[in-house]
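Shown next, in structure tokens, is the structure this report addresses.
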Amino acid sequence: MTLVTIVTPSFNQARFLEETMLSVLHQDYPHIEYIVVDGGSTDGSVDVIRRYADRLAWWVSEPDRGQTDAINKGFAHAHGEILAWLNSDDTYQPGAVRAAVEALEKHPEAAMVYGDAHYIDENGRVIGRFPAAQTDYRRLRQGYVHIPQQAAFWRASYWRQVGPLDPTFYFAMDYDLWVRLAALAPLVYIPGQVWANFRLHSDAKTISADDRCWPEMLRVHRRLGGGWFAPIVFKYYLRRLVAPYIRWKRKRLFTNG
Numbered sequence: 001m002t003l004v005t006i007v008t009p010s011f012n013q014a015r016f017l018e019e020t021m022l023s024v025l026h027q028d029y030p031h032i033e034y035i036v037v038d039g040g041s042t043d044g045s046v047d048v049i050r051r052y053a054d055r056l057a058w059w060v061s062e063p064d065r066g067q068t069d070a071i072n073k074g075f076a077h078a079h080g081e082i083l084a085w086l087n088s089d090d091t092y093q094p095g096a097v098r099a100a101v102e103a104l105e106k107h108p109e110a111a112m113v114y115g116d117a118h119y120i121d122e123n124g125r126v127i128g129r130f131p132a133a134q135t136d137y138r139r140l141r142q143g144y145v146h147i148p149q150q151a152a153f154w155r156a157s158y159w160r161q162v163g164p165l166d167p168t169f170y171f172a173m174d175y176d177l178w179v180r181l182a183a184l185a186p187l188v189y190i191p192g193q194v195w196a197n198f199r200l201h202s203d204a205k206t207i208s209a210d211d212r213c214w215p216e217m218l219r220v221h222r223r224l225g226g227g228w229f230a231p232i233v234f235k236y237y238l239r240r241l242v243a244p245y246i247r248w249k250r251k252r253l254f255t256n257g
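Under the UniProt record's numbering, residues 1 to 257 are what the sequence shown spells out, in order.
This is the structure we're talking about:
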């Protein structure tokens, strides 16, 4: 049976961490290698991790250089043929891992598959739906992403060709990875299957630091030789214009439900 490695990076997320870990440990797929990489939390997170340590393949709690560094550290210990990471405030839906494995078996041409994701609030209530859609290398380069990171699973064979994540990225390391993977093989969207929950709350960087995402996406664009008159550049300036409204709308989602 195919081994799936899942990495959870975490730092001071004790209030959500147990729910995240249980959403992995309660999957009905039996061949999961679960790794938790904590950045030296001081809020009781380590107590949560120790509670389930006997069910983890590896874990550590020590200072690191942030989320991207933690993810890379986790995947350096991975043995799975399929990889994914789940942030410590997000969760999987029951059956998600099995469905992802089946999707990759059905699509041998794919480097990665991804399903749908719900937005949830800090209490776990569903408050919306991530706008997932099929994309490809060309559309990714144009800024048409529509991939919920929480619901993405990719083949380790491709990770070995394009990884690790660029540690200089704070926000767009997943976008950078998607572009690298899509340059080699298709990314396949599995519509109608909700695999994960994307939590919106006041401390989430999607809320507090969203303005750092698009400049990092432009770095990927420029690294690949993209010009200043490309669609992604236009989208960047449009995003800057509407960013206050988007942040307000997201905050309204999790504050009003």
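Note that the Cβ used here is the ideal one computed from N, Cα and C, for glycine as well. None of these values were measured; they are calculated from a predicted model.
Query, Result
"Considering only residues of the region 139 to 192, which uninterrupted beta strand (DSSP E) runs meet the minimum length of 3 residues and lie entirely inside it, listed in chain order?", "152 to 155"
"Skipping 5 residues on each side, what residues in its chain have a beta carbon closer than 8 Å to that of Ala76?", "Pro164"
"Measuring CB atoms only, is the region 112 to 126 touching the region 222 to 232, in the sense that at least three cross pairs come out at less than 8 Å?", "no"
"Looking only at C-alpha atoms, which of Ser157, Arg55, Gln134 sits nearest to Pro148?", "Gln134"
"In terms of residue numbering, what span does the beta strand (DSSP E) encompassing Ala84 cover?", "82 to 85"
"DSSP on Ala57, reduced to helix/strand/coil?", "coil"
"Among Ser88, Ala172, Glu216, which one has its Cα closest to the Cα of Phe198?", "Ser88"
"Buried or exposed, going by whether 16 or more other CB atoms sit within 10 Å of the CB of Ile6?", "buried"
"DSSP on Asp116, reduced to helix/strand/coil?", "strand"
"Between which residues of its own chain and Ala132 is the CB-CB distance below 6 Å, once the five residues before and five after are set aside?", "Asp116, His146, Pro148"
"So Met173 packs on Thr68, CB below 8 Å; how close in whole Å?", "5 Å"
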